[in-house]
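Below is the structure:
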């Protein structure tokens, strides 16, 4: 309880300690998160994803700077950055990333940066990220930027945590038919063409707009997080209920286009609130988190139920092709059933 | 049984039907795979992964062509291509990919191409891919090329199915500190710099070699599939037991460097056989498959154990923050425990 209280009181060191507990999946971390959970739900979560080389990290840094600026004399908002690399089993790269960032936002006590790397446990990284985001939320961080590296299922799961998801592209990467992937477009609320001072920016922009056209043909059918919704008649009043992802240009390292991007994020937030999508998305967010945790727990529980000897014995039979994979699974899961 | 027999007899239509059963997770598919499993273990599995824009598909096509060539009057080997996009919930893109390939290898009855897209089920795509590979193996395909798009956990899981894994890069993509990722280097047996006629090829090659140096410092410590092995003394005889991933250049669309790449694949195969890594890798491959299947099954079984009403009720409590995620999971998993 002490840990949770210290986090609520805004103590940075306690927060850092809690984040480590969450990453390591300790009981202390779970107890503290249980105590903190009623204090969550106030932060605005912005997901930023895209392929390597698109300049996501610079974009996230600039957005953090933007939110740290005092607007009309108001208090600057507290900003957390969670950088997740689901494909890396190491923290090495993540630490390096931290150092590069720290030169940028160093010494600002209103910014907290945390890098996370997968420990190799499938499902584990998304669950840990959700916990880390809740800790920041309870600790009073009003803007949480969640940065992921790639386009795999883990990244999609992490992106689903966010209220607004940015998908970042850059000119020159998109010369492959697979470059802009339907799965990633699905989760995009805003598309950003970063490094927009490079040649080929028009091509990238056009490709993204064509993909959007395919996904939202004639605005009569709207695809939203996997659900296809038919718009009857398509009257203007009904149109407002839908969000067509804008395609924006930025040059993050020169702070170009960041204000406009932030304005579109604010517009998307208003859209979520006015359309009722906010409540819906909050439910989907928490449902995803629940499902991920359940999966992780089921596997952990099963592992405890079976002896190492029995597991290796069954694996032997599989390797010698005396059992098929399906038969081996049936054998190993039997104790749970009966 | 009829389906399995027809597949063993080399009937293409039966094979295509089986692949669909496997993708859809039907009981017919499982029964047929159980019957076919004793006939597997003969194919050589080559994984090809890399970021979008690296030209992986062209490289895979050229390798398929290479293996279809008659060497010294021998019968050309039967080749299967399994193209997997774990991030795409659609088959649309996959089908398009098929058409483009078909112009290449059209009409060759010794080649079978199958594209797979995730149905959104976490863990499901890797399990389905393993089943598809077994079907091809039992049907007598001697070379199976498994192509994946990205660098997420699902791609790593799929790459782990292969005997030899190629990681493909291209010049101009690697200008980000995150571009070449430790997680992906871990799974690479051979590194390929494709599009090697482009400017910047030296930089990409150097970056890859530097990363390898970091991963294998002074050849005293060798990192292999997550295991770190100390080489005592580093005598030449012991050195042979280790495989340092070569960095090769190709221009796939012009068939440049393909013969040399195939020679390195053959060398890696010999290395696996002579060092004993073959048996070890086969065991790890099957263990990964087993674990993935177990996870999928545990989740499916739990879903059946709980009523939709109870699930939604618990989700309500979570959304209203009356329960924390961890408390909700404990509640939902209770029926399984007692």
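Residue numbers (my numbering), protein chains in the order written: chain R, 68 to 405; chain X, 68 to 405.
Beta carbons: idealized from backbone N, C-alpha and C, even for Gly.
- Any Cβ of chain R closer than 7 Å to the Cβ of residue 360(X) would place that residue at the interface, and such an atom is present.
- A contact is defined here as three or more CB-CB pairs under 8 Å, and the segment 360–379 of chain R fails this definition with respect to the segment 74–89 of chain X.
- A contact is defined here as three or more CB-CB pairs under 8 Å, and the segment 98–108 of chain X fails this definition with respect to the segment 123–136 of chain X.
- The count of Cβ pairs closer than 8 Å, one atom from the segment 137–151 of chain X and one from the segment 384–401 of chain R, stays below three, leaving the stretches out of contact.
- Your pair residue 349(X) and residue 197(X) does not check out as a contact, with CB atoms roughly 13 Å apart and the cut at 8 Å.
- Assignment of residue 391(X) by DSSP, reduced to helix, strand and coil, places it in the coil class.
- Judged by DSSP in its simplified three-state form, residue 360(R) adopts helix.
- Annotation: residue 121(R) to residue 314(X) spans about 24 Å, alpha carbon to alpha carbon.
- The straight-line gap separating the alpha-carbon atoms of residue 317(X) and residue 261(X) is approximately 5 Å.
- Here residue 71(X) is buried. Its C-beta has 16 or more other C-beta atoms within 10 Å.
- Taking a beta-carbon distance threshold of 7 Å, residue 118(R) counts as an interface residue toward chain X.
- Taking the CA atoms as reference points, residue 183(R) sits about 10 Å from residue 199(R).
- Counting along the chain, the unbroken beta strand (DSSP E) around residue 258(R) starts and ends at 257–260.
- Looking at 325(X), 204(X), 266(X), 136(X), the one whose alpha-carbon comes closest to that of residue 257(X) is 325(X).
- Among the bridge pairs identified by DSSP, residue 321(R) is matched with none.
- The DSSP-derived three-state label of residue 214(R) is strand.
- With a threshold of 16 other beta carbon atoms within 10 Å, residue 137(R) falls short and is exposed.
- A check of alpha carbon separations from residue 195(X) across 81(X), 278(X), 230(X), 88(X) identifies 88(X) as the nearest.
- Distance from residue 134(R) to residue 179(R) at the Cβ level is roughly 13 Å; contact not present, criterion being Cβ atoms closer than 8 Å.
- Contact of residue 388(R) with chain X by beta-carbon distance below 8 Å involves 104, 105, 107, 108.
- Contact between residue 346(X) and residue 231(X) does not hold, since their C-beta atoms are separated by about 15 Å, which reaches or exceeds 8 Å.
- Within the DSSP bridge table, the entry for residue 311(X) names no partner.
- For residue 376(X), the enclosing alpha helix (DSSP H) starts and ends at 375–386.
- Of all residues in the segment 363–379 of chain R, only 364, 365, 366, 369 come within less than 7 Å of chain X when Cβ atoms are compared, listed by chain position.
- When Cβ-Cβ separations below 7 Å define contact, residue 233(X) makes no contact with chain R.
- Residue state for residue 137(X) is assigned as coil, using DSSP reduced to three classes.
- In this structure residue 139(R) is exposed. Its beta-carbon is surrounded by fewer than 16 other beta-carbon atoms within 10 angstroms.
- If you draw a 10 Å sphere on the C-beta of residue 96(R), you find 16 or more other C-beta atoms in it, and that means buried.
- One alpha carbon belongs to residue 268(R), the other to residue 279(R), and they sit about 17 Å apart.
- In the three-state scheme derived from DSSP, where H, G and I count as helix and E and B as strand, residue 113(X) is classed as strand.
- With fewer than 16 neighbouring CB atoms inside 10 Å of its own CB, residue 388(R) falls in the exposed class.
- The DSSP-derived three-state label of residue 401(R) is helix.
- Of the candidates 360(X), 105(X), 124(X), 92(X), the residue whose Cα lies closest to the Cα of residue 234(X) is 124(X).
- Separation of residue 312(X) and residue 172(X) (C-alpha to C-alpha, rounded to the nearest whole angstrom) is 29 Å.
- Closest option to residue 144(X), judged by alpha-carbon separation, among 401(X), 212(X), 277(X), 337(X): 212(X).
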